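Q:
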Amino acid sequence: MDGYAAVGRYLLSKKFLYLAPVVSLLCAILFAYFGFPWLQRRFFVKEMEVNSPEMYGYSGNVRLLAQGGEPVIFEGSLADGEINGQGVLRDYGGRLLYQGEFETNRYEGHGRLYYENGALAYEGEFADGKKSGEGKFFDRSGGLICQGTFENDLFIQGSAKVYGKRGLHYEGGIADGKYFGEGKLYEDISGILIYQGEFKDGRFDGTGTLYMGRDKVFYEGGFSAGKRSGEGKEYRDKELFYEGGFADGQYDGEGRLYDVQTGNLIYEGTFLAGLKSGEGTVYNPVTNFPVYKGGFRLDQYDGEGKLYGERGELLYEGGFLLNLKEGSGVTYDGATGAVLEEGTYRNGVLVREEEKEEDTEIEEETENEVYGDCGSGGGVRGDTEEVYGAGSG
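Note that this note's numbering has the sequence shown beginning at 363, numbered continuously upward.
#1: Nearest to L530 by CA position, among K600, L555, G520 and G431, is which residue?
#2: Residues in the same chain with beta-carbon distance under 7 Å from G497, minus the five sequence neighbours each way, listed in chain order, please.
#3: Return the chain-ordered ranges of every beta strand (DSSP E) run that is complete within the segment 662 to 696 and spans a minimum of 3 residues.
#4: Mind checking which residues open and close the beta strand (DSSP E) that includes Q612?
#5: Tell me the DSSP secondary structure of L660 in three-state form.
#6: Kindly list the residues whose CB is nearer than 7 Å to the CB of G611, restricted to its own chain and excluding five residues on each side of it in sequence; keep chain order.
#7: May I have the straight-line CA-CA distance separating F436 from V450, to the nearest angstrom?
#8: On the premise that E641 lies in contact with G625, defined as a C-beta separation below 8 Å, what is that separation, rounded to the nearest angstrom?
#9: Secondary structure at I551, three-state DSSP: helix, strand or coil?
#10: Smallest Cα separation from L677: which of L440, L669 and L475?
#11: Looking only at its own chain, which residues have a Cβ that is under 7 Å from the Cβ of G653, when we skip the five neighbours before and after it?
#12: Considering only residues of the segment 421 to 453, which uninterrupted beta strand (DSSP E) runs meet the minimum length of 3 residues and lie entirely inside it, listed in chain order?
#13: In chain order, what residues of the same chain lie with their CB nearer than 8 Å to the CB of V692, ignoring the 5 residues before and after it?
#14: Applying the 10 Å Cβ sphere with the 16-neighbour rule, what's the burial state of L684?
#15: How would you label Y454, buried or exposed, when you count the other beta carbons within 10 angstroms and need 16 or more for buried?
#16: Express the C-alpha separation of G594 and G606 in angstroms, rounding to a whole number.
#17: Leaving out five residues on either side along the sequence, give the residues of the same chain with a beta carbon under 8 Å from the beta carbon of E416.
#18: In its own chain, which residues sit with a C-beta less than 7 Å from the C-beta of S421, not counting the 5 before and 5 after it?
#19: On the DSSP letters alone, give me the boundaries of the beta strand (DSSP E) that Q461 sits inside.
#20: Do you know offhand how far G689's Cα is from L627's?
#21: Taking 6 Å as the limit between beta carbons, can you name the residues of its chain near G526, skipping five residues before and five after?
#22: Report all residues from its chain with a CB closer than 6 Å to the CB of N423; omit the five preceding and five following residues, and keep chain order.
#23: Could you pull the DSSP bridge partners for S494 from this structure?
#24: In chain order, what residues of the same chain have a beta carbon less than 6 Å from the beta carbon of D307, not counting five sequence neighbours either side?
#25: Are there 16 or more other CB atoms within 10 angstroms of the CB of S552, so buried, or fewer, so exposed?
#26: Just checking my contact of F580 with F561 at CB under 8 Å: how many whole Å lie between their CB atoms?
Quick look at the structure:
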């Protein structure tokens, strides 16, 4: 029993008794170097100054203090001396800046950004320190500005509110960083609604309404590439002025014009580039009787047409050239319908028979000068001989 020692009611090996303190000491050293730091990293929070030598290479939960002590500028986890995982970042005044996920000292994953007043500015996804992915952006009073997809800190798709220098400028859909889908556009200074409707590539495109002044509709209808196009209606002082086709922002195709005072139809027919062109009818805005019916060009009577009196009685039918009677036509007495004059008109005036004869003589003289007397060897034949010579004889 020399190798054993009595310890109470037990016999213990003397070798064990000699080794136990050594093992205990080794365990204490190992715990101090490895176990305690692991426990501290896993279950406790260590305080240290930011950018201190202690910080470099450290892994675990920390509270990083500003150099010299307070305030705490970061609470979260480090991995090999870099901020990783969940954490809270504050400025040197202690104001909350960011709360969420980090990776190698940058915002990464889901997180929240805050204004100086503590209000939430952004909540959503981050990548490489920038807003990227799905998120929501708020104003300083908590109102939602935009919600959708961000890329490199820019909002590129979703619903948004865009503010100018003095207030709301746009609210609606955005795609690829441009206005898209349903939206509203406002005048920057006054805040008056300018347009409401569909957008594409940042321009009016689709169906929409243009406003002129507060609550005054100027146009409603189709748009293409920012210009009025397709079927639409134009208003003046809230009264209908035009309805019909548009192209490139101008009246085009079939359309109707109205008198804004009486509301009566004053023209129906075709337009080209904003001007009456083709077949159409002009009406008296008071009586609604026709004034003119026929061809138009450059907003003027041109081609075959008919002129009417105040009560719709026929006064003239025939040719026109830029608002003047031209060519064959007949003028009538509006009261009786009797023919007053008939013939050929030039510049709005009936041509007399003497003038016709003079015109005929002038035309004949012109022909003789051009063709000469074929039987005398002159004219065309003589010219030919001059050009080609007299031959070999």
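Every residue, glycine too, gets a C-beta built ideally from N, C-alpha and C. Note that the coordinates shown come from a computational prediction; the quantities given were computed from them, not determined experimentally.
A: Inspection of the coordinates gives the following:
#1: By one-based count along the sequence shown, residue 530 stands at place 168. Of the candidates K600, L555, G520 and G431, the one whose C-alpha sits nearest the C-alpha of L530 is L555.
#2: Residue mapping note: residue 497 aligns to position 135 of the sequence shown, counting from 1. Cβ neighbours of G497 within its own chain (closer than 7 Å, five residues either side excluded): Y484, E485, G486, E487 and F512.
#3: Within the segment 662 to 696, the complete beta strand (DSSP E) segments at least 3 residues long are 662 to 670, 676 to 683 and 686 to 694, listed from N- to C-terminus.
#4: The count along the sequence shown starts at 1 and reaches residue 612 at position 250. Unbroken beta strand (DSSP E) run through Q612: Q612 to Y620.
#5: Along the sequence shown, one-based indexing puts residue 660 at 298. DSSP places L660 outside both helix and strand once states are collapsed to three, so it counts as coil.
#6: By one-based count along the sequence shown, residue 611 stands at place 249. For G611, where only same-chain residues beyond five positions count, the Cβ hits under 7 Å are K589 and R590.
#7: Here the question's residue 436 lines up with position 74 in the sequence shown. Here the question's residue 450 lines up with position 88 in the sequence shown. Whole-angstrom Cα-Cα distance: 6 Å.
#8: Mapped onto the sequence shown, residue 625 falls at position 263. Mapped onto the sequence shown, residue 641 falls at position 279. The beta-carbon separation of G625 and E641, rounded to 24 Å, does not stay under the 8 Å limit for a contact.
#9: Locating residue 551 in the sequence shown gives position 189, counting from the first residue. Note: I551 maps to coil in three-state DSSP.
#10: One-based indexing of the sequence shown puts residue 677 at position 315. With distances taken between Cα atoms, L677 lies closest to L669.
#11: As a first step, residue 653 is located in the sequence shown; it is residue number 291 there, counting from the start. For clarity, residue 653 is Val in the given sequence; the question names Gly instead. Correct list, in chain order: V644, Y645, N646 and Y670.
#12: Entirely contained in the segment 421 to 453, the beta strand (DSSP E) runs reaching 3 residues are, in chain order, 422 to 428, 431 to 441 and 444 to 452.
#13: Stepping through the sequence shown from its first residue, residue 692 is reached at position 330. The answer, listed in chain order, is Y678, E679, G680, V701, E703 and E704.
#14: Reading the sequence shown from its first residue, position 322 is the one you call residue 684. With fewer than 16 other Cβ atoms within 10 Å, it is exposed.
#15: For the purposes of this step, residue 454 is taken as residue 92 along the sequence shown, with counting starting at 1. Label assigned to Y454: exposed.
#16: As a working mapping, residue 606 is identified with position 244 in the sequence shown. As a working mapping, residue 594 is identified with position 232 in the sequence shown. If you take the alpha carbons of G606 and G594, they lie about 6 Å apart.
#17: For the purposes of this step, residue 416 is identified with residue 54 of the sequence shown, where counting begins at 1. Taken in chain order, the residues that qualify are M410.
#18: Within the sequence shown, the letter at position 59 stands for residue 421. Excluding residues within five positions, the ones whose Cβ falls inside 7 Å are R403, L440, A441 and D442.
#19: Numbered from 1 along the sequence shown, position 99 holds the residue referred to as residue 461. L458 to E465 is the extent of the beta strand (DSSP E) around Q461.
#20: Indexing the sequence shown from 1 puts residue 689 at position 327. Indexing the sequence shown from 1 puts residue 627 at position 265. Rounded to the nearest angstrom, the two C-alpha atoms are 30 Å apart.
#21: Mapped onto the sequence shown, residue 526 falls at position 164. When the five nearest sequence neighbours on each side are left out, the beta carbons in the same chain lying within less than 6 Å of the beta carbon of G526 are those of D550, in order along the chain.
#22: Indexing the sequence shown from 1 puts residue 423 at position 61. Once the five neighbours on either side are set aside, the close Cβ partners of N423 are V407 and S439.
#23: Residue mapping note: residue 494 aligns to position 132 of the sequence shown, counting from 1. Beta-bridge pairing links S494 to no other residue.
#24: Beyond the ends of the chain as shown, which are 363 and 755, falls residue 307; an answer cannot be given.
#25: Position 190 of the sequence shown, counted from the start, is the residue given in the question as residue 552. By the neighbour-count rule (16 or more Cβ atoms within 10 Å), S552 is not buried but exposed.
#26: Start at 1 with the first residue of the sequence shown, and residue 580 comes out as number 218. Start at 1 with the first residue of the sequence shown, and residue 561 comes out as number 199. Contact flag wrong, Cβ pair sits at about 18 Å.
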